[in-house]
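Numbering of the sequence shown is given in this note's numbering, commencing with residue 195 and proceeding in unit increments. From the three backbone atoms N, C-alpha and C, an ideal C-beta is built for every residue, glycine too. Everything numeric in this text was worked out from a predicted model, so none of it was measured. What follows is a single structure, written as structure tokens, with notes after it.
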Amino acid sequence: MTYVNEIPKNLSHYDLVVGIPSFNNAETIEHVVKMSAKGIQSMGLKGLIVNSDGGSTDGTPEVFMNSKSLGVDKLTIRYTGISGKGSAVRALFEVSNKVSAKAFVMLDSDLRSIEPWWIERLSGPVLSDQTQYVAPLYQRHKYDGTITNNVCYPLTASLYGLKIRQPIGGDFCVGSHLIKTYLSKPNDVWNSHVARFGIDIWMTTIAINESGFKPVQVALGAKIHDAKDPGKHLEGMFIQVVQTLFELMIEYEEHWKNVTTVETAQVYGVPPVQQLEDITVDLDNLKNKAIGILKDRKDRLKYLDKDVIKRVSHTGTIDIEDWVNTVYSVALKYKETMEEETIRDLLGFYFARTADFVEKTRDMTTFEAESLIDEQLEAFVEKKQKVVERW
Ligand SMILES: Nc1nc2c(ncn2[C@@H]2O[C@H](COP(=O)(O)OP(=O)(O)O)[C@@H](O)[C@H]2O)c(=O)[nH]1
Ligand SMILES: [Mg+2]
């Protein structure tokens, strides 16, 4: 198996690999490299920093290789397969496995809030054999992470019984055994959305169900990165993430059907207080998109509640109760069709859900807005039993 174009033959052993997927991140990757190198150096480990680039046209790999790394080894690779974050990460798994690293830390290349101590905090629980999977716990602006907040967090928690607040945060640590599990999966997953932005939810869901340990969370402070406006930039990511999640729901049905309780994944570390950057969301655009998409897909959406469709078509927003029912209905439909078009049925409702959240939390702090996320999670948990019965 090889997912890397040219992997140096003489790579020796490393204790820790830090992997950074990238695509046109020349402006931000140097900071991630410098902080990682400092972190690795302070731990006194033999570390390797690897960049897996998707053919950037802005010189990202060159910036990466020219970044000062305090003597910590660096390697940049081009991955094979479908163009996407998941393919880039698969190549990083392969390198980490090849050098027999005990822990693999993965970091997004657009991270601006990373500090050296993040490396130790992320890798500590794996290096000390307490788990095979560490997820990040950060403060994010209330309008950042809308796919996380409205789908991945509440659905993953309700299904599998473990609250991981950032199941697709991008910055993780994986142990060597779990890396082998990822690499042992049938090759066709890499022709699916797992090769794109489905990778994070895929990693987290497998970690919960197959790693033999409970994943843990580590407090990292703020996540500041190149944030996106949901109505303008997140359509592709939404489809890729949600299809992967529903696909895994089918695969792991025996794992979630009997789960009735929900606990919080253990948290390590105390978060430092950091300032968040403001994020602006175009609310009118979200509502108009929601209304427009529902109109275009009217004939397809007949399997959904008519009154919900009427309300959304009228206001461009959807409340928690209607949203949760709709997500579950689309998941059930997907089980029948297994088609991406079914996932697309949910897109307009996602824009409406985001619009509703933006509207209702306009005068709230990020901290206060979290109560709505909690409320929504409770609704997912409450309505799960009906899904189990209909599944
Ligand atoms: N190699 C590669 N990396 C990608 C691709 N798309 C995204 N990435 C990387 O994946 C990480 C997360 O992407 P980002 O756009 O920040 O996603 P978000 O923060 O989850 O909205 C970043 O480091 C990107 O550079 C791709 O097609 N190829
Ligand atoms: Mg990002």
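In angstroms with no decimal places, state the Cα-to-Cα distance between residue i and residue j.
| i | j | result |
| --- | --- | --- |
| leucine 442 | threonine 399 | 8 Å |
| aspartate 394 | glutamine 360 | 10 Å |
| glutamine 437 | lysine 578 | 19 Å |
| valine 582 | lysine 496 | 22 Å |
| arginine 166 | alanine 220 | The displayed coordinates of the chain run from 195 to 585. Any statement about residue 166 would go beyond what the structure contains. |
| proline 202 | phenylalanine 545 | 45 Å |
| valine 299 | histidine 508 | 46 Å |
| alanine 401 | isoleucine 341 | 20 Å |
| isoleucine 271 | aspartate 247 | 6 Å |
| glutamine 324 | tyrosine 376 | 19 Å |
| valine 502 | arginine 491 | 14 Å |
| histidine 207 | alanine 231 | 17 Å |
| lysine 426 | threonine 350 | 25 Å |
| leucine 239 | leucine 316 | 14 Å |
| leucine 205 | asparagine 343 | 40 Å |
| glycine 363 | asparagine 385 | 22 Å |
| isoleucine 358 | lysine 417 | 16 Å |
| leucine 480 | phenylalanine 432 | 14 Å |
| leucine 566 | valine 383 | 34 Å |
| valine 453 | tryptophan 585 | 14 Å |
| glutamate 448 | threonine 455 | 15 Å |
| threonine 531 | valine 464 | 45 Å |
| threonine 536 | lysine 262 | 47 Å |
| histidine 225 | leucine 301 | 11 Å |
| threonine 555 | leucine 428 | 20 Å |
| valine 211 | isoleucine 276 | 23 Å |
Which partner residues does residue i have in the DSSP bridge list?
| i | result |
| --- | --- |
| methionine 300 | Gly213, Phe366 |
| tyrosine 462 | Val412 |
| glutamine 333 | Ala416 |
| glutamate 457 | Leu356 |
Mind checking whether residue i and residue j have CB atoms under 7 Å apart?
| i | j | result |
| --- | --- | --- |
| phenylalanine 440 | alanine 525 | yes |
| leucine 372 | glutamine 326 | yes |
| glycine 278 | alanine 389 | yes |
| serine 303 | isoleucine 243 | no |
| aspartate 476 | alanine 421 | no |
| glycine 241 | valine 266 | yes |
| valine 518 | phenylalanine 574 | yes |
| alanine 282 | proline 215 | yes |
| isoleucine 291 | serine 250 | With the sequence shown as reference, residue 291 is identified as asparagine, and isoleucine is not the correct amino acid for it. For asparagine 291 and serine 250, no; Cβs fall outside 7 Å. |
| threonine 548 | lysine 336 | no |
| proline 409 | alanine 329 | yes |
| proline 380 | glycine 415 | no |
| valine 320 | cysteine 367 | yes |
| isoleucine 308 | methionine 229 | yes |
| isoleucine 485 | glycine 510 | yes |
| tryptophan 450 | tyrosine 354 | yes |
| glutamine 411 | valine 461 | yes |
| glycine 213 | leucine 286 | yes |
| aspartate 478 | isoleucine 512 | no |
| histidine 387 | glutamine 333 | no |
| alanine 413 | leucine 470 | no |
Could you check what DSSP says for residue i in three-state terms: helix, strand or coil?
| i | result |
| --- | --- |
| asparagine 245 | strand |
| leucine 264 | coil |
| glutamate 340 | Reading off the sequence, residue 340 comes out as threonine, not glutamate. Three-state DSSP puts threonine 340 in a helix. |
| lysine 228 | helix |
| leucine 269 | strand |
| valine 328 | strand |
| methionine 237 | helix |
| arginine 315 | helix |
| proline 255 | helix |
| isoleucine 444 | helix |
| glycine 275 | coil |
| glutamate 429 | helix |
| isoleucine 473 | coil |
| tryptophan 585 | coil |
| valine 289 | helix |
| lysine 580 | helix |
| serine 565 | helix |
Can you name, in chain order, every residue of its own chain whose Cβ lies under 7 Å from the Cβ of residue i, other than the five neighbours on each side?
| i | result |
| --- | --- |
| glycine 233 | Pro310, Trp311, Trp312, Ile313, Glu314 |
| glutamate 569 | Ile514 |
| aspartate 209 | Leu239, Lys240, Gly241, Ala295, Lys296 |
| glycine 253 | Ala220 |
Within its chain, find whatever has a CB closer than 8 Å to the CB of residue i; leave out the 5 residues flanking it on each side and keep chain order.
| i | result |
| --- | --- |
| leucine 498 | Thr520, Ser523, Val524, Asp539 |
| lysine 580 | Tyr522 |
| leucine 562 | Before going further, note that residue 562 is glutamate rather than leucine in the sequence given. Here the set comprises Thr555. |
Residues in its own chain within less than 6 Å of residue i by CB, not counting five upstream and five downstream?
| i | result |
| --- | --- |
| tyrosine 446 | Asn403 |
| lysine 268 | Ile243 |
| serine 370 | Lys296 |
| asparagine 264 | Residue identity differs from the one stated: residue 264 is leucine in this sequence, not asparagine. Around leucine 264: Ala231, Gln235. |
7 Å is my cut-off, CB to CB: does residue i come that close to chain C?
| i | result |
| --- | --- |
| glutamine 570 | The structure shown contains no chain C, having only a single protein chain. |
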